[in-house]
Amino acid sequence: FFFFMKLITCFFTILFALHCFAQCEGNPCNDGNSCTIDYCYGFFVEESPQTFCFYEDVDCDDHDVCTIDSCNNDSGCNYQTISCDDGDNTTIDTCDRLKGCQFTPIVCTDDDDNVCTEPTIDLDSQTCYNVDVSQSCEDDGDACTLEYCDTQRGCQITYQDCDDGLYCTINDRCENGECVYDDVECDNYSTCSEDSFGECITNETNQVEQA
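Note that this note's numbering has the sequence shown beginning at 1450, numbered continuously upward.
Laid out in structure tokens, this is it:
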């Protein structure tokens, strides 16, 4: 008996629904607003057909935190992309649809195997490049030394080479940034000979004069 009554109820419910749709033919509840879903229900009151309108707001949520969701009465749902620009060129700005704005620091690595350069960021292009830092090698204040940067060892100091390669000069050295030399001293009757590897060779002319 219960099953039979439930079946009759369902039957009349279906008939009523079909009748309602017939009464709302032509969408009389259209409010011209793209931001609402329009529903129409028709029924009879004392054998007079009646129309009941119901409006539900359109859900414009795209479940993307990177957009601002809104609805325009004419065009419907609109999705405006948010700006994640933090004004810092040392970060890459992106947006994750679940997490929102992400700011990833640009990390420049020293990949040229040269201790005389340092990686830095080109703020305009947000790319990395190596800049020469050899000028950072400090001057030791000695005019006879040269400061330079070795690509493997870094800042180095080398002394000015004042060796003139001559046998007849000695004590080759640097003084105040200039090379100075002492001559090999020979007596009045001899001179220093490069051919003799710096030995004093007796001057025959002087010997004759002396005799």
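Quick reminder that beta carbons are idealized off the backbone N, C-alpha and C, glycines included.
Of the residues the options, the one placed nearest residue i, counting alpha carbons only
i            : options                   : result
residue 1548 : 1521, 1516, 1568 and 1539 : 1516
residue 1499 : 1531, 1490 and 1507       : 1490
residue 1511 : 1613, 1585 and 1546       : 1546
residue 1555 : 1561, 1544, 1572 and 1567 : 1572
residue 1579 : 1569, 1639, 1585 and 1586 : 1569
residue 1609 : 1602, 1621 and 1509       : 1621
residue 1480 : 1523, 1514 and 1513       : 1523
residue 1644 : 1602, 1652, 1638 and 1615 : 1615
residue 1640 : 1651, 1630 and 1646       : 1651
residue 1559 : 1592, 1577 and 1542       : 1577
residue 1530 : 1627, 1587, 1628 and 1513 : 1513
residue 1602 : 1528, 1566, 1482 and 1478 : 1566
Range covered by the beta strand (DSSP E) that runs through residue i
i            : result
residue 1642 : 1639-1642
residue 1437 : Within the shown structure, residues of the chain are numbered from 1450 to 1660, placing residue 1437 beyond reach of any answer.
residue 1477 : Neither: residue 1477 is in no beta strand (DSSP E) and is coded neither H nor E.
residue 1599 : 1594-1599
residue 1614 : Note, residue 1614: premise wrong, no beta strand (DSSP E); not H, not E.
residue 1579 : 1576-1581
residue 1587 : Here residue 1587 belongs to no beta strand (DSSP E), and DSSP marks it neither H nor E.
residue 1567 : 1566-1571
residue 1628 : 1627-1632
Distance CB(residue i)-CB(residue j) smaller than 8 Å
i            : j            : result
residue 1600 : residue 1564 : yes
residue 1634 : residue 1642 : no
residue 1502 : residue 1487 : yes
residue 1617 : residue 1632 : yes
residue 1533 : residue 1526 : no
residue 1551 : residue 1557 : no
residue 1485 : residue 1508 : no
residue 1575 : residue 1541 : yes
residue 1613 : residue 1638 : no
Residues that DSSP places opposite residue i in a beta bridge
i            : result
residue 1489 : 1502
residue 1552 : 1542
residue 1528 : 1518
residue 1648 : 1642
residue 1536 : Its beta-bridge partners do not exist; DSSP assigns none.
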